[in-house]
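Only one structure is covered here, and it is reproduced in the block below.
There are 2 protein chains.
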Amino acid sequence: MQRNPCIANIKAGYLFPEIAKRRREFAAAHPQAKIISLGIGNTTEPVMPHINAGLAEGARQLGTAEGYSGYGDEQGLTALREKIASVLYNGLAEPDEVFISDGAKCDIGRLQLLFGSGVKAAVQDPSYPVYVDGSVLIGSAGGWTGNGYDGIIYLPCIAANDFFPDLSIIPSDCIIYFCSPNNPTGAVANKDQLAALVKTALQKKSIIVFDAAYSEFIRAPALPKSIYEIEGAKECAIEVNSFSKTAGFTGVRLGWSIVPKALKYASGESVNTDWNRICTTIFNGASNIAQAGGLAALDSEGQKEIRFLTDYYLENAALIRKTLIAQGITCTGGDNSPYIWACFPGRDSWEVFSEILEKCHVVTTPGAGFGPAGNGYIRFSAFGHRADVEEACARLV
Amino acid sequence: MQRNPCIANIKAGYLFPEIAKRRREFAAAHPQAKIISLGIGNTTEPVMPHINAGLAEGARQLGTAEGYSGYGDEQGLTALREKIASVLYNGLAEPDEVFISDGAKCDIGRLQLLFGSGVKAAVQDPSYPVYVDGSVLIGSAGGWTGNGYDGIIYLPCIAANDFFPDLSIIPSDCIIYFCSPNNPTGAVANKDQLAALVKTALQKKSIIVFDAAYSEFIRAPALPKSIYEIEGAKECAIEVNSFSKTAGFTGVRLGWSIVPKALKYASGESVNTDWNRICTTIFNGASNIAQAGGLAALDSEGQKEIRFLTDYYLENAALIRKTLIAQGITCTGGDNSPYIWACFPGRDSWEVFSEILEKCHVVTTPGAGFGPAGNGYIRFSAFGHRADVEEACARLV
Chain A
43 MQRNPCIANI KAGYLFPEIA KRRREFAAAH PQAKIISLGI GNTTEPVMPH
93 INAGLAEGAR QLGTAEGYSG YGDEQGLTAL REKIASVLYN GLAEPDEVFI
143 SDGAKCDIGR LQLLFGSGVK AAVQDPSYPV YVDGSVLIGS AGGWTGNGYD
193 GIIYLPCIAA NDFFPDLSII PSDCIIYFCS PNNPTGAVAN KDQLAALVKT
243 ALQKKSIIVF DAAYSEFIRA PALPKSIYEI EGAKECAIEV NSFSKTAGFT
293 GVRLGWSIVP KALKYASGES VNTDWNRICT TIFNGASNIA QAGGLAALDS
343 EGQKEIRFLT DYYLENAALI RKTLIAQGIT CTGGDNSPYI WACFPGRDSW
393 EVFSEILEKC HVVTTPGAGF GPAGNGYIRF SAFGHRADVE EACARLV
Chain B
43 MQRNPCIANI KAGYLFPEIA KRRREFAAAH PQAKIISLGI GNTTEPVMPH
93 INAGLAEGAR QLGTAEGYSG YGDEQGLTAL REKIASVLYN GLAEPDEVFI
143 SDGAKCDIGR LQLLFGSGVK AAVQDPSYPV YVDGSVLIGS AGGWTGNGYD
193 GIIYLPCIAA NDFFPDLSII PSDCIIYFCS PNNPTGAVAN KDQLAALVKT
243 ALQKKSIIVF DAAYSEFIRA PALPKSIYEI EGAKECAIEV NSFSKTAGFT
293 GVRLGWSIVP KALKYASGES VNTDWNRICT TIFNGASNIA QAGGLAALDS
343 EGQKEIRFLT DYYLENAALI RKTLIAQGIT CTGGDNSPYI WACFPGRDSW
393 EVFSEILEKC HVVTTPGAGF GPAGNGYIRF SAFGHRADVE EACARLV
């Protein structure tokens, strides 16, 4: 059988397994080194008591005749859809616009099947690799040019534009992946910027996939946490989000997407209906145990725990940011975001990655892994134990 | 934006949500009716104590500093991959050929991205709807003809061929979806039949996707539980399987796929490497709690519990089978399988479905939902509480 040309088209390994491999190789060569990771955005702190009790109770109930549940609705528990709509969206989304999932990365994979190979993707450059890699897998991108893929519209987000892209280069009829607070730059789009984005999408008859996975790290009251805070967004935007970074569910696997009923194709047909078809056909729902934990996370007690946990990581971020700035390194992010984007002008970012690993035994993420405009930058993740972050900061001096 | 033509091409709703909808409508019109479901293959019995303790402990540990885990490898815990290879495959698969997932349905969705739109799909007819629907979603099928999709190779499995298809009609370079014990017919292919299937796949340079989700229901020692019991299968077959029906994990979400390293494209490149790329790019691993339960399920105590639970459902199957046969209805399955495939010659299966729902208040699954050759049949699922199955049987008389 012939190999799928879409896979043959994709470059090398997915970014984070590649970093894990380099870390393993370094560890094997330096068995004494105490390596600290500020690389992948992987939560390190235990699930807090109330939310953990929700998970444990969800597991326990499966052992009882009264509490057992088999297949649930693929779209998730009605109670959880309702709670997300009310607690997190406060009327900006209805329960049947909420689709529970096993995480935002997986949703972005399934979204490829929703859009198909016939639409172009526009991405912030740099961006979370799954938008581009997913588009390549479905076949909506062309060949690798040595500096990105043909057919992907890269929207450079660099210091010169304050990490918000020039929207005028977005063509018609495309999918615009937009992440705020941004992974990796840590930049957070303000209300005016998102209003311009929505206006562009409506004008260009394009759909925004708004990745809000880091919205709970926003502390500045004026910054929007959801694209639906912008008028007109329900006609042009899908939102994906997750419990991973807020409740520490990176390994538990629980997220959601919002597909508004007002979002229509040119033909007038409903995107929500198609997304429902995708989710019921090739997905079977998030784990019922994870969903029990999600319900607890949305209680007032769970919301307090999420605030506590995101505060903790934001304090880490402030430490890293302060350390880097004291070294004269220009940084963005790290205030309303768990990522700090550090500029190393004129340097190759994999080279800086290797230098930091070798000299400080600290794993970071090379900016080039997030797209062509990421070269010359390093992403520092604030997910880590406080003591490790402090030690990493001491080594970085 | 234009609607994805692949979705526009797909027919109506996915089968089981459609049945759920008809059930809800009937219940609304007949609020007094005590409806019993022998429809969807949804487990009803609690997770047994040892396996449940594994889940509960997995949840509890996430609340502790020592036991917390965030992202794991997308391919799953090494310990679980090793245990599946040793306990369930006994050397027929190696750990790095095992990919842990959130279930077989989801894996079949991701497999579409592995194969792409350029290869044809051959399916047993009738078959589990996800093979065909998934192929339509990726764009490897043509239009709906009124009796199936253009470009899908339907392999009729009917009484006349003892529910094993004529393999000679399989073309070259295609994906052959093959499920044994079969959903919905309950037929189990013997060693000679599977050897003929493997021989055909090798000759036709095609890849078998062997769905073994019901293998733990096999009691006849001579019947193969895995395609890898057949010589040559590692060069031509992927296997998908799941803890859903065995450990009662339908809601917990845990399955696996086997992609042998010996499986190569015409170019000599490794299918295992591409599958690893798909899984690391658009998937983020099964829930760590579910995986903790999976480890418990593979202990000797967990294996005993699985035997107990599958025995329970097989006893249900025997009851249903006996009842139908006593009514003069011809059936297959229900001995080494939890499904009983009942023939209603010359009848429209949705009509029989409605008749059974209206007269007996029993939900079944109409055979036509599984493919053109399924018309005239009804699938009875043995997943249910014993008392409900007994009452359903009494009403069917």
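Heads up: the sequence lines are chains A and B, in that order. The opening residue of the first sequence carries number 43 in the working numbering; numbering runs sequentially from there. The opening residue of the second sequence carries number 43 in the working numbering; numbering runs sequentially from there. We treat Cβ as the ideally placed atom computed from N, Cα and C, and that holds for glycine.
Under three-state DSSP, which class holds residue i?
i: Lys-162 of chain B; result: strand
i: Ala-441 of chain B; result: No answer is possible for residue 441 of chain B: the residues shown for chain B start at 43 and end at 439.
i: Arg-437 of chain B; result: helix
i: Thr-323 of chain B; result: helix
i: Phe-425 of chain B; result: coil
i: Ser-177 of chain B; result: helix
i: Gly-297 of chain A; result: strand
i: Thr-292 of chain B; result: coil
i: Lys-76 of chain B; result: coil
i: Asp-407 of chain A; result: Per the sequence shown, residue 407 of chain A should be read as Thr rather than Asp. Looking at Thr-407 of chain A - three-state DSSP - the assignment turns out to be strand.
i: Pro-198 of chain B; result: strand
i: Ile-82 of chain B; result: coil
i: Ile-49 of chain A; result: helix
Assuming the contact rule is C-beta atoms closer than 8 Å, residue i and residue j should be a hit. Round their C-beta distance to whole Å, please.
i: Leu-179 of chain B; j: Tyr-270 of chain B; result: Actually they are not in contact, since the Cβ atoms of Leu-179 of chain B and Tyr-270 of chain B sit about 28 Å apart, beyond 8 Å.
i: Ile-280 of chain A; j: Leu-305 of chain A; result: 7 Å
i: Gly-344 of chain B; j: His-92 of chain B; result: 5 Å
i: Ser-182 of chain B; j: Ser-299 of chain B; result: 19 Å between Cβ atoms; not a contact.
i: Val-294 of chain A; j: Asn-94 of chain B; result: Wrong, their Cβ atoms sit about 17 Å apart, outside the cutoff.
i: Arg-45 of chain A; j: Ser-309 of chain B; result: 6 Å
i: Gly-81 of chain A; j: Asn-225 of chain A; result: About 13 Å separates the two Cβ atoms, so there is no contact after all.
i: Val-129 of chain A; j: Leu-340 of chain A; result: 5 Å
i: Gln-333 of chain A; j: Leu-57 of chain A; result: Incorrect: roughly 29 Å between the Cβ atoms, too far for contact.
i: Arg-102 of chain B; j: Ala-98 of chain A; result: 5 Å
i: Met-43 of chain A; j: Ser-248 of chain B; result: 6 Å
i: Ala-429 of chain A; j: Ser-284 of chain A; result: Wrong, their Cβ atoms sit about 27 Å apart, outside the cutoff.
Strictly below 7 Å CB to CB, what residues from chain A border residue i?
i: Glu-67 of chain B; result: Within chain A, no residue comes near Glu-67 of chain B; the closest Cβ sits about 16 Å away, beyond 7 Å.
i: Gly-118 of chain B; result: The premise fails here: Gly-118 of chain B is roughly 11 Å from chain A at the closest Cβ pair, so nothing lies under 7 Å.
i: Leu-97 of chain B; result: Ala-101, Leu-104 and Ile-331
i: Pro-88 of chain B; result: Leu-104, Gly-105, Thr-106, Ala-107 and Tyr-110
Measuring CA to CA, which of the options is closest to residue i?
i: Asp-316 of chain A; options: A:Gln-117, A:Cys-435, A:Arg-66 and A:Pro-47; result: A:Gln-117
i: Tyr-173 of chain A; options: B:Ile-195, B:Ile-194, B:Ile-324 and B:Pro-137; result: B:Ile-324
i: Tyr-256 of chain B; options: B:Asp-175, B:Ala-429, B:Gly-336 and B:Tyr-170; result: B:Tyr-170
i: Ser-214 of chain A; options: A:Ala-164, A:Gly-370, A:Ala-254 and A:Gly-185; result: A:Ala-164
i: Cys-435 of chain A; options: A:Ala-243, A:Ala-359 and A:Lys-247; result: A:Ala-359
i: Pro-88 of chain A; options: B:Pro-73, B:Glu-108, B:Glu-87 and B:Lys-53; result: B:Glu-108
i: Leu-153 of chain B; options: B:Gly-96, B:Ser-177, B:Pro-137 and B:Leu-244; result: B:Ser-177
i: Leu-197 of chain B; options: B:Ser-210, B:Thr-187 and B:Gly-188; result: B:Ser-210
i: Asp-204 of chain B; options: B:Asp-149, B:Trp-392 and B:Gln-166; result: B:Gln-166
i: Ile-194 of chain A; options: A:Ile-200, A:Ile-212 and A:Phe-206; result: A:Ile-212
i: Thr-292 of chain A; options: A:Tyr-131, A:Phe-425, A:Ala-75 and A:Glu-357; result: A:Phe-425
i: Asp-115 of chain B; options: A:Ala-231, A:Ile-362, A:Pro-59 and A:Leu-296; result: A:Pro-59
i: Arg-349 of chain B; options: B:Phe-252, B:Ile-77, B:Phe-259 and B:Cys-199; result: B:Phe-259
i: Ile-126 of chain A; options: A:Pro-47, A:Ser-342 and A:Lys-401; result: A:Ser-342
i: Gln-235 of chain A; options: A:Ile-249, A:Leu-265, A:Tyr-219 and A:Asp-253; result: A:Leu-265
i: Cys-216 of chain B; options: B:Ala-62, B:Ala-201, B:Arg-261 and B:Lys-246; result: B:Lys-246
i: Leu-337 of chain B; options: B:Ile-52, B:Gly-96, B:Tyr-131 and B:Ala-75; result: B:Gly-96
i: Tyr-355 of chain B; options: B:His-427, B:Ala-254, B:Ile-52 and B:Gly-370; result: B:His-427
i: Arg-319 of chain A; options: A:Arg-66, A:Leu-156 and A:Ile-200; result: A:Leu-156
Run down chain B in chain order and give the residues with a C-beta less than 7 Å from the C-beta of residue i.
i: Leu-239 of chain A; result: Going along chain B, no residue has its Cβ under 7 Å from Leu-239 of chain A, so there is no contact; the nearest lies around 16 Å.
i: Ala-308 of chain A; result: Met-43 and Gln-44
i: Thr-292 of chain A; result: Gly-112 and Tyr-113
i: Thr-85 of chain A; result: Gly-112
Closer than 8 Å, CB to CB, is residue i near chain C or not?
i: Ile-280 of chain A; result: This model lacks chain C altogether; the protein chains it does include are A and B.
Can you pull the chain B residues whose beta carbon is under 8 Å from the beta carbon of residue i, in chain order?
i: Gly-185 of chain A; result: Going along chain B, no residue has its Cβ under 8 Å from Gly-185 of chain A, so there is no contact; the nearest lies around 16 Å.
i: Thr-288 of chain A; result: Per Cβ cutoff of 8 Å: no residues; Thr-288 of chain A is ~13 Å from chain B at best.
Against residue i, what residues of chain A qualify as contacts under a CB-to-CB distance less than 8 Å, listed in chain order?
i: Phe-157 of chain B; result: Asn-46
i: Leu-179 of chain B; result: Leu-155, Ile-320, Thr-323 and Ile-324
Name the chain B residues whose beta carbon is nearer than 9 Å to that of residue i?
i: Val-165 of chain A; result: Neighbours of Val-165 of chain A on chain B: none; closest Cβ ~15 Å, over 9 Å.
Which residues in chain A sit within 9 Å of residue i, going by Cβ to Cβ distance?
i: Pro-91 of chain B; result: Gly-105
i: Val-405 of chain B; result: Going along chain A, no residue has its Cβ under 9 Å from Val-405 of chain B, so there is no contact; the nearest lies around 14 Å.
Inset, instruction - List in chain order: all unbroken alpha helix (DSSP H) runs of 4+ residues lying wholly within the stretch 203–290 of chain B. - result: 233–245 and 286–289
Inset, instruction - Could you tell me which uninterrupted beta strand (DSSP E) segments, each at least 3 residues in length, are contained entirely in the stretch 99–173 of chain B, listed from first to last along the chain? - result: 140–143 and 162–167
Inset, instruction - Entirely within the stretch 336–403 of chain B and at least 4 residues each: give me those alpha helix (DSSP H) ranges in chain order. - result: 342–368 and 391–402
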